[in-house]
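**Q** Quick one: structure below, then a few questions.
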Amino acid sequence: MTNPTAVPLYLDCDTGIDDALAVGYLLAHPDANLLGIGSVSGNVSAAVGAVNTLDLLALAGREDIPVASGAHHPLAGEFAGGAPHVHGANGIGGVDLAPAQAETTGETAAEMLVRLARENPGTLHVLAIGPLTNLALALRLDPNLPALVDHVTIMGGAAMVPGNITPVAEANIANDAEAAAAVLAADWDITLVPLDVTMEHVFEEEHRQQLLAAGQPMATALGEMLGYYFGFYESQYGRPCSAMHDPLAAAIAVGGIVPAIAPRVNVQVDATAGPGRGQTVCDLRGRFRGFPDQPGARTRVVLTLAEEFSPHLVGTILGAN
Ligand code: BDR
Ligand code: CA
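Pasting the structure below:
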């Protein structure tokens, strides 16, 4: 039975290995109530992301959660083919999941988001862990959407650290900079979970082994996917381990992890064609004054956490937290 105080969530994702971990985390967390999931092109196409999501839900026995296929192309330009070097050709590290019986709903992801916001006025939490195309399209469908939504949590951006797809840009933002600019400029409260924290809270081989040793189908599948993910991140960290982007945003969205330094500041997305394209320009000039909130700013930028993330992630997926 759903915890009556659980956070009602719309999840928007490009599943993706770390997206799969976020789904596994949310399914296991008692304070998450997944009302619907939309896919978007990013790590894989929106269509493949939807299939991966459906298969994960089937693995968890949660095919009751509806999945909508979302935008294939970004607002401007075309889907560039994803990131098989990071996530594998099928997006989930070559792991074969049993095909789900359930299919995507007939609606688009943007339509699902608008519908859920209208059905849950003032309480819906939007968690976006892929490019922000669907959110931008939902804003076009219903310009009143920000007034209906309680909060938006986004994995994306790089505030005070380098990017991961260009020297300044993070992938989710850069893969649809126009959408990100529109979503970050809209009139709603946002928590931005950038590379500043997701690259710092590293998932180590000992954590992966804990998932594999538990003998649980979801934990085993995620542990196997991480074998592929570690292969990519070894080139970054020099040892078998990985960053943990999307599950951290999921944990912050449901209150499983509490940020330490997270000022509310003005954030703008560079959607120009130059070398700054995709950069999240965060006004952190208050850093030597304890990062005060800026008057009127509605985006909280998470810079540090109050605790280590990986033990919490493992514990939650294994049902121990
Ligand atoms: C983000 O980009 C994707 O590759 C990951 O799934 C994550 O959402 C990290 O930059
Ligand atoms: Ca993602």
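The sequence shown begins at 6 in my numbering and counts up by one.
All C-beta atoms in this analysis are idealised placements derived from N, C-alpha and C, irrespective of residue type, glycine included.
Let me know the secondary structure DSSP gives L40 once reduced to three states.
**A** Looking up residue 40 in the sequence shown gives position 35. Note: L40 maps to strand in three-state DSSP.
**Q** For D251, does the three-state DSSP call read helix, strand or coil?
**A** Within the sequence shown, the letter at position 246 stands for residue 251. Helix at D251.
**Q** Can you check which of these residues, V286, V270, I257, is closest to E312 by C-alpha distance?
**A** Mapped onto the sequence shown, residue 312 falls at position 307. If you compare the alpha carbons of V286, V270, I257 with that of E312, the shortest gap goes to I257.
**Q** I'd like to check one pair, L118 with E183: are the Cβ atoms closer than 8 Å?
**A** Numbered from 1 along the sequence shown, position 178 holds the residue referred to as residue 183. Numbered from 1 along the sequence shown, position 113 holds the residue referred to as residue 118. In this structure, L118 does not lie closer than 8 Å to E183 by Cβ.
**Q** Counting by C-beta, which residues lie closer than 7 Å to a heavy atom of ligand 2, in chain order?
**A** Chain-ordered, the residues whose CB falls short of 7 Å from any heavy atom of ligand 2 come out as C18, D19, G21, D23, D24, G47, N48, I134, G135, M160, N177, H250, D251.
**Q** For a test of the three-state rule: what should DSSP assign to T113, helix, strand or coil?
**A** For this step, residue 113 is matched to residue 108 along the sequence shown. Looking at T113 - three-state DSSP - the assignment turns out to be coil, as it is neither helix nor strand.
**Q** Please state if the CB of R269 and the CB of A302 are separated by a distance shorter than 8 Å.
**A** Your numbering for residue 302 matches position 297 in the sequence shown. Your numbering for residue 269 matches position 264 in the sequence shown. Their beta carbons are under 8 Å apart, which means A302 touches R269 by this criterion.
**Q** Given that a residue counts as buried once 16 or more other Cβ atoms are within 10 Å of its Cβ, and exposed if not, what is D251?
**A** Counting from one through the sequence shown, the residue named residue 251 turns up at place 246. It counts as buried.
**Q** Just the Cα atoms here: how many angstroms apart are V28 and I262?
**A** Counted from its first residue, the sequence shown places residue 28 at position 23. Counted from its first residue, the sequence shown places residue 262 at position 257. Whole-angstrom Cα-Cα distance: 16 Å.
**Q** Cβ of A255 versus every heavy atom of ligand 1: is any distance shorter than 7 Å?
**A** One-based indexing of the sequence shown puts residue 255 at position 250. Checking the Cβ of A255 against ligand 1 gives no.
**Q** Which residue marks the beginning of the alpha helix (DSSP H) containing R244, and which one marks its end?
**A** Taking the first residue of the sequence shown as position 1, residue 244 is located at position 239. Where R244 is concerned, there is no enclosing alpha helix (DSSP H), given that its DSSP letter is neither H nor E.
**Q** In chain order, what are the residue ranges of uninterrupted beta strand (DSSP E) at least 3 long that sit wholly in the region 281-312?
**A** Taken in chain order, the complete beta strand (DSSP E) segments of 3 residues or longer contained in the region 281-312 are 285-287, 304-306.
**Q** Have a look at L16, I266, L318 and flag the residue whose alpha-carbon is nearest the alpha-carbon of F293.
**A** Residue numbering aside, residue 293 sits at position 288 when the sequence shown is read from its first letter. When only C-alpha atoms are compared, the closest one is I266.
**Q** In or out: N177 buried (at least 16 other Cβ within 10 Å) or exposed?
**A** In the sequence shown, the residue the question calls residue 177 occupies position 172. Classification of N177: buried, given that the 10 Å Cβ count is 16 or more.
**Q** Hey, which unbroken runs of the alpha helix (DSSP H) at 4 residues or more fall wholly within the region 150-179?
**A** 150-153, 176-179
**Q** Measuring alpha carbon to alpha carbon, tell me which residue in N57, P222, G93 is nearest G232.
**A** Here residue 232 refers to the residue found at position 227 of the sequence shown. Comparing Cα positions, the closest option is G93.
**Q** Can you name the residues that DSSP bridges to L80?
**A** Locating residue 80 in the sequence shown gives position 75, where the first residue counts as 1. The partner list for L80 (beta bridge, DSSP) is empty, contrary to what the question assumes.
**Q** Whole-angstrom Cβ separation of T304 and I195, contact assumed at under 8 Å?
**A** Residue mapping note: residue 304 aligns to position 299 of the sequence shown, counting from 1. Residue mapping note: residue 195 aligns to position 190 of the sequence shown, counting from 1. Confirmed, Cβ separation roughly 4 Å.
**Q** Tell me which same chain residues have a C-beta within less than 6 Å of the C-beta of T277, skipping the five on either side of it?
**A** Translated into the one-based positions of the sequence shown, residue 277 becomes position 272. Excluding sequence neighbours, T277 sits near nothing in its chain.
**Q** Check each candidate in I159, W193, A11, T113 and name the one with the smallest Cα separation from N149.
**A** The count along the sequence shown starts at 1 and reaches residue 149 at position 144. Per the Cα distances, W193.
**Q** Is V91 near ligand 1, in the sense that its beta carbon is under 7 Å from a heavy atom of that ligand?
**A** For this step, residue 91 is matched to residue 86 along the sequence shown. Result yes, Cβ under 7 Å from ligand 1.
**Q** Check H130 in the structure and name its three-state DSSP category.
**A** Along the sequence shown, one-based indexing puts residue 130 at 125. It is a strand residue.
**Q** Less than 8 Å between the CB atoms is what I'm expecting for V12 and V319, so what's the real figure, rounded?
**A** Along the sequence shown, read from residue 1 onward, the residue named residue 12 stands at position 7. Along the sequence shown, read from residue 1 onward, the residue named residue 319 stands at position 314. Contact doesn't hold; Cβ gap of about 21 Å is too wide.
**Q** Is it right to say S350 is buried, meaning 16 or more other beta carbons lie within 10 angstroms of its own, or is it exposed?
**A** Only positions 6 to 326 of the chain appear in this structure, which leaves residue 350 out of reach.
**Q** Any chance the region 162-170 sits against the region 119-132, with 3 or more Cβ pairs inside 8 Å?
**A** no
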